[in-house]
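First to last, the sequence lines map onto chains A and B.
The first sequence begins at 1 in the working numbering and counts up one residue at a time.
The second sequence begins at 1001 in the working numbering and counts up one residue at a time.
Positions of the beta carbon are idealized from the N, C-alpha and C atoms, including for glycine.
These figures come from a predicted structure and were not determined experimentally.
See below for the structure under consideration.
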Amino acid sequence: MERGRVLEATEVYARVREVAGHGSDEEAAGVVRRVLRSLARSVPGHLCGRLAQGLPAELAVELEDACGGDPLVEAQGFIGPLVNVMDVEAGYDQSLGGLDLSAVYADDDASRWVRAVFAVLKEAVDAPTRDEIERHLPGEVAGWWREAGGEGA
Amino acid sequence: MPETARGGGAAGGAPGAARPGGGGANGGTARVTPKDFDSEHRPTWCPGCGDYAILTAIKKTLADLGIAPHQVMIISGIGCGSKLPDYIHANGFMTIHGRPLAVATGFRLANPEMTVLVVDGDGDAYGIGGNHFIHTCRRNINLTHIVQNNQIYALTKGQYSPTSEQGFVTTTSPDGAPERPVLPTALAFAAGATFIARAFAGRPQHMVEVMKEAVRHPGYALVDVMQPCVTFNKLNTYEWYDQRAYDAAAEPGYDPADPVQAWERVNQWGDRIPIGILYRTVRPTYEEGVRALQRHGPPARWTERDLPGEVWDAMVEAFT
Ligand SMILES: Cc1ncc(C[n+]2csc(CCOP(=O)(O)OP(=O)(O)O)c2C)c(N)n1
Ligand code: SF4
Ligand SMILES: [Mg+2]
């Protein structure tokens, strides 16, 4: 996994769509934007800056607003904005005495989507930056970053 | 060194009276960390729910203030968010829907040494519990009220709530909610609350700072938290809140003690929503006005000697 040329935004969406199984490039674009914003809320400004350099301008801009990182953002807060726009009727709630019939494993979807985006983002930065970003990501999200781009993204 | 929490400060002078400064400082013993509040129960909240950040913020707030699990009572109602006491290792009491403030009032009078947090949803706090809300603001009981305001009845799977936007389509408002929503910060101000704040679950670090000030406040403190319900509220999302929330303290001339400024801020909701401390003043607490507490000390401190024999015997029988 080495750094190559900066991809076009449309290429990023197409790759994420393929791996995550989205129905359209628009859907993939929304996921890419939200993952970038969550990432910006987790990692410090200098890492956002390095990542931005390897991204097309229309995606790099997503890193700007929230940049700086909030160390208290956890894995649930990271995926929240993604789950918020998922087309689901109900999340699972084991307190109801088992899984809801209409339940969707929103966390499985969220994890697959985030990994698909991470796989592309990792190519935009060098190895030391990749490691540094991983250290700032919360809980299991750090593991998704580490594994992304490997088998099955 | 932990930062100091506010005092319980209700019943000084009486036999068995509460130690002023109850809660906090942890008796000068071990350092409190957020991990001390970890519970063995895993939250059943949906992935991505804003309630997770509120739970984390409460643990961090208490740890930063040096309040140990045995020094805090967390009282909730019924709702998704109200399951929180199960997920935190501390004293907890899940009451019935809408009633946590009433129970907390009784608890606080009986045991003013404890730090008391009330945690409930917008339906619980502003709907079925709306009457208790108004009177707790007015009475100025020394407790912190954290409302998980997701603008929906979430536990019951998505009916519109008192804070839902007008026109919001839900199962109980198929043509859109016809009513104007309650604006809790404005209602709290009108009812005489002495500390009114708003936080956003998507900015947990800021939320902790707000909660710490609320717990320190000597009197009733409202922290209305914009809490995305990722499953049933697809209108007021993380992004919706994030685009609108601005830090009131960063505004030029910000003075939370100025009631004229505060009235403007507590009424602001729409394209721009202020977060942070919107109003703060100091007035005597309810506990300070309860003369029986001054005379006899809080019930949690009573011993056999403080009560007539038959009353003591009846209590022992009732509680053993
Ligand atoms: C007296 C009573 N009325 C109604 C209910 C049904 N009920 C349970 S939770 C709830 C609404 C919860 O909404 P909210 O307080 O906003 O909490 P959330 O689930 O959104 O966190 C209702 C109506 C009940 N349990 N008890
Ligand atoms: S239904 Fe909404 S409030 Fe309840 S756990 Fe799920 S996301 Fe949270
Ligand atoms: Mg609610």
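Query raised in the report: Is CYS997 of chain B near ligand 3, with its Cβ less than 8 angstroms from a heavy atom?
Result: This structure leaves residue 997 of chain B out entirely; chain B is present only between 1001 and 1320.
Query raised in the report: To the nearest angstrom, how far is it from the Cα of ASP1051 of chain B to the Cα of ASP1306 of chain B?
Result: Here the question's residue 1051 of chain B lines up with position 51 in the second sequence. Here the question's residue 1306 of chain B lines up with position 306 in the second sequence. Those two C-alpha atoms are separated by around 43 angstroms.
Query raised in the report: Does the region 1100-1113 of chain B come close enough to the region 1277-1292 of chain B to have 3 or more Cβ pairs within less than 8 angstroms?
Result: Yes, the region 1100-1113 of chain B is in contact with the region 1277-1292 of chain B.
Query raised in the report: Within the chosen definition, does the region 1073-1088 of chain B reach the region 1038-1055 of chain B through at least 3 CB pairs nearer than 8 angstroms?
Result: Here the region 1073-1088 of chain B lies against the region 1038-1055 of chain B, with 3 or more beta-carbon pairs under 8 angstroms apart.
Report task. Verify the CB distance criterion: does ALA1248 of chain B have a CB-CB separation below 9 angstroms to chain A? Result -> Stepping through the second sequence from its first residue, residue 1248 of chain B is reached at position 248. ALA1248 of chain B does not count as touching chain A.
Requested in this report: Verify the CB distance criterion: does ARG34 of chain A have a CB-CB separation below 9 angstroms to chain B?
Outcome: For the purposes of this step, residue 34 of chain A is taken as residue 34 along the first sequence, with counting starting at 1. Interface flag for ARG34 of chain A against chain B is set, since a Cβ pair is found closer than 9 angstroms.
Query raised in the report: Would GLU74 of chain A pass as a contact of SER111 of chain A if the rule is Cβ separation under 9 angstroms?
Result: By 1-based counting over the first sequence, the position of residue 74 of chain A is 74. By 1-based counting over the first sequence, the position of residue 111 of chain A is 111. By the CB criterion at 9 angstroms, GLU74 of chain A and SER111 of chain A fall outside the cutoff.
Query - ALA52 of chain A at chain B interface by Cβ criterion, 9 angstroms - result: Counting from 1 along the first sequence, the entry for residue 52 of chain A is found at position 52. For ALA52 of chain A, the closest Cβ of chain B is not nearer than 9 angstroms.
Query raised in the report: Taking three-plus beta-carbon pairs below 8 angstroms as touching, is the region 1030-1039 of chain B in contact with the region 1198-1213 of chain B?
Result: By the Cβ rule, the region 1030-1039 of chain B does not count as touching the region 1198-1213 of chain B, because fewer than three pairs are nearer than 8 angstroms.
Report task. Would you mind stating whether PRO1162 of chain B and GLY1192 of chain B have Cβ atoms separated by less than 9 angstroms? Result -> Along the second sequence, read from residue 1 onward, the residue named residue 1162 of chain B stands at position 162. Along the second sequence, read from residue 1 onward, the residue named residue 1192 of chain B stands at position 192. Contact: no.
**Report entry** Length of the line joining the Cα atoms of LEU1183 of chain B and ALA1201 of chain B
**Finding:** Here residue 1183 of chain B refers to the residue found at position 183 of the second sequence. Here residue 1201 of chain B refers to the residue found at position 201 of the second sequence. Straight across, the Cα-Cα distance linking LEU1183 of chain B with ALA1201 of chain B is about 18 angstroms.
Query raised in the report: Mind checking whether the beta-carbon of PHE1168 of chain B lies closer than 8 angstroms to any heavy atom of ligand 5?
Result: You won't find ligand 5 in this model; what it holds is ligand 1, ligand 2 and ligand 3.
Query raised in the report: By the 10 Å Cβ neighbour count, where 16 or more other Cβ atoms means buried, how is THR1303 of chain B classified, buried or exposed?
Result: For the purposes of this step, residue 1303 of chain B is taken as residue 303 along the second sequence, with counting starting at 1. Exposed, because fewer than 16 other Cβ atoms sit within 10 Å of the Cβ of THR1303 of chain B.
Requested in this report: Determine which residues of the region 1158-1183 of chain B have a Cβ less than 9 angstroms from any Cβ of chain A, and write them out in chain order.
Outcome: Residues passing the 9 angstroms Cβ filter: GLY1158.
**Report entry** CA nearest to the CA of HIS1206 of chain B, picked from A:ARG41, A:VAL19, A:ASP25
**Finding:** Residue mapping note: residue 1206 of chain B aligns to position 206 of the second sequence, counting from 1. The shortest C-alpha separation from HIS1206 of chain B is found at A:ARG41.
Query raised in the report: In chain order, which continuous runs of the beta strand (DSSP E) of length 3 or greater are located wholly inside the region 1243-1314 of chain B?
Result: Counting only runs of 3 or more, we get 1245-1247, 1273-1280.
Report task. Counting only runs of 4+ residues fully inside the region 1113-1188 of chain B, write out the alpha helix (DSSP H) ranges in chain order. Result -> Complete alpha helix (DSSP H) runs here, min 4: 1130-1139.
Query raised in the report: Is it right to say PRO1259 of chain B is buried, meaning 16 or more other beta carbons lie within 10 angstroms of its own, or is it exposed?
Result: The count along the second sequence starts at 1 and reaches residue 1259 of chain B at position 259. Result: exposed.
Query raised in the report: Sorted by chain position, which residues of the same chain lie with C-beta nearer than 7 angstroms to THR1185 of chain B's C-beta, five sequence neighbours on each side aside?
Result: Counted from its first residue, the second sequence places residue 1185 of chain B at position 185. The beta carbon of THR1185 of chain B is closer than 7 angstroms to those of ILE1196, ARG1198, ASP1224, VAL1266, LEU1278 in its chain, skipping five residues each way along the sequence.
Query raised in the report: So, is the C-beta of GLY1022 of chain B closer than 9 angstroms to a C-beta in chain A?
Result: For the purposes of this step, residue 1022 of chain B is identified with residue 22 of the second sequence, where counting begins at 1. Its pLDDT being 39, under 50, GLY1022 of chain B is placed unreliably in this model, and the value from its coordinates should be taken loosely. Chain A contact via Cβ: absent.
Query raised in the report: ASP1242 of chain B CB to nearest chain A CB: under 9 angstroms?
Result: Reading the second sequence from its first residue, position 242 is the one you call residue 1242 of chain B. Yes, contact with chain A.
Query raised in the report: Within 9 angstroms (strictly less), CB to CB, does PRO44 of chain A reach chain B?
Result: Stepping through the first sequence from its first residue, residue 44 of chain A is reached at position 44. Closer than 9 angstroms: no.
Requested in this report: Compute the minimum distance between the beta carbon of ALA1154 of chain B and the heavy atoms of ligand 2, and state whether it is under 8 angstroms.
Outcome: As a first step, residue 1154 of chain B is located in the second sequence; it is residue number 154 there, counting from the start. Correct: ALA1154 of chain B has its Cβ closer than 8 angstroms to ligand 2.
Query raised in the report: According to DSSP, what are the bridge partners of MET1226 of chain B?
Result: Walking along the second sequence from the start, residue 1226 of chain B turns up at place 226. B:ASN1149, B:PHE1200.
Query - Euclidean distance between Cα positions of GLY1127 of chain B and LYS1157 of chain B - result: As a first step, residue 1127 of chain B is located in the second sequence; it is residue number 127 there, counting from the start. As a first step, residue 1157 of chain B is located in the second sequence; it is residue number 157 there, counting from the start. About 16 angstroms.
Query raised in the report: Would you say the beta carbon of ASN1150 of chain B comes nearer than 8 angstroms to a heavy atom of ligand 2?
Result: Working through the second sequence from its first residue, we reach residue 1150 of chain B at position 150. Yes, the Cβ of ASN1150 of chain B comes within 8 angstroms of a heavy atom of ligand 2.
Query raised in the report: Considering only residues of the same chain and omitting the five flanking positions on each side of GLU58 of chain A, which have a CB-CB separation below 6 angstroms?
Result: Position 58 of the first sequence, counting from 1, holds the residue named residue 58 of chain A. These residues qualify, in order along the chain: ALA9.
Query raised in the report: Which residues mark the beginning and the end of the alpha helix (DSSP H) in which SER42 of chain A is found?
Result: Sequence index remark: in the first sequence, residue 42 of chain A carries index 42 (1-based). Run containing SER42 of chain A: 25-42, per the alpha helix (DSSP H) assignment.
**Report entry** ASP1122 of chain B CB to nearest heavy atom of ligand 3 below 8 angstroms
**Finding:** For the purposes of this step, residue 1122 of chain B is taken as residue 122 along the second sequence, with counting starting at 1. When distances are taken from the beta-carbon of ASP1122 of chain B to the heavy atoms of ligand 3, the shortest one is below 8 angstroms.
Query raised in the report: How big is the Cα-Cα spacing for TYR1241 of chain B and VAL6 of chain A?
Result: Position 241 of the second sequence holds residue 1241 of chain B. Position 6 of the first sequence holds residue 6 of chain A. Each residue's Cα considered, the two are about 32 angstroms apart.
Requested in this report: Pull up the CB-CB distance for GLY80 of chain A and VAL1230 of chain B, whole angstroms please, since I reckon it's below 8 angstroms.
Outcome: Working through the first sequence from its first residue, we reach residue 80 of chain A at position 80. Working through the second sequence from its first residue, we reach residue 1230 of chain B at position 230. With 8 angstroms as the limit, GLY80 of chain A and VAL1230 of chain B qualify as a contact, their Cβ atoms being about 6 angstroms apart.
Query - Contacts of VAL106 of chain A in chain B (Cβ-Cβ under 9 angstroms) - result: For the purposes of this step, residue 106 of chain A is identified with residue 106 of the first sequence, where counting begins at 1. What sits at residue 106 of chain A in the sequence shown is Ala, not Val. By Cβ distance, chain B contributes CYS1046, PRO1047, GLY1048, VAL1230, THR1231.
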